[in-house]
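In case it helps, our numbering puts the sequence shown at residues 28 to 167.
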Amino acid sequence: MNTKMLLASLAAAVASFFIGWIVWGMLLNGYYEANMNPIEGYSRPMEEMNMAAMILANVFWGILMGWALWKMGVTNAMGGAMAGAILFALIAAGMDMYFLAMTFLYANTTIIVVDVIVNAIVGGVIGAIVGMILGSGSKS
28 MNTKMLLASL AAAVASFFIG WIVWGMLLNG YYEANMNPIE GYSRPMEEMN
78 MAAMILANVF WGILMGWALW KMGVTNAMGG AMAGAILFAL IAAGMDMYFL
128 AMTFLYANTT IIVVDVIVNA IVGGVIGAIV GMILGSGSKS
């Protein structure tokens, strides 16, 4: 690990937190609620959210993205966007399939397609940030 990878991971964590808040917390919250089966006790009300756990989750996502793109040798925004989009889409697809297989969470399968696409876009944005930081100061 090096300083750029750590800085890229930190930036990814911060971006993940704020982008996630905007995308899932505000823009798509109603869509997800409308397309998921209500399961008592599954979701916390916003005022009861465990913010320490949320911050740690985003730190772990940031480290995953920073480390993965660093290991891939990504050094620019476009490379980071592509890698981030692919990583997040694959992770989302895998998790969505787990939930579909083991729970009654989803009211329909359209939400899975939407979730994978939205995660790919968010992952692409975060990956672009990581790629720019990993490539900063390099001679290109």
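Beta carbons: idealized from backbone N, C-alpha and C, even for Gly.
Check the DSSP bridge columns for residue i and list the partner residues they point to.
i	result
Y133	M63
Can you give me the Cβ contacts of residue i inside the same chain, cut-off strictly under 6 angstroms, excluding the 5 residues immediately before and after it?
i	result
I156	A38, A42
Looking at the secondary structure, which residues open and close the alpha helix (DSSP H) in which residue i lies?
i	result
G68	It is not in any alpha helix (DSSP H) - G68 carries neither H nor E in the DSSP assignment.
L34	30-47
For residue i, which residues of its own chain have a beta-carbon under 8 angstroms away from its beta-carbon, when the five flanking residues on both sides are left out?
i	result
N64	F131, L132, Y133, A134
M234	There is no way to answer for residue 234, as the model of the chain reaches only from 28 to 167.
Who are the near neighbours of residue i in its chain, counting only those whose CB is closer than 7 angstroms to its CB and skipping five residues on each side?
i	result
A116	V143, N146, A147, G150
M76	none
I139	D123, L127, Y133
Could you tell me whether the Cβ atoms of residue i and residue j are closer together than 9 angstroms?
i	j	result
G154	A110	yes
G93	A35	yes
A40	W88	yes
F44	M81	yes
Y59	W51	yes
message = Report the start-end ranges of each alpha helix (DSSP H) in the segment 99-157 that is 4 residues or longer and not cut off at the edges.
response = You should have 104-129.
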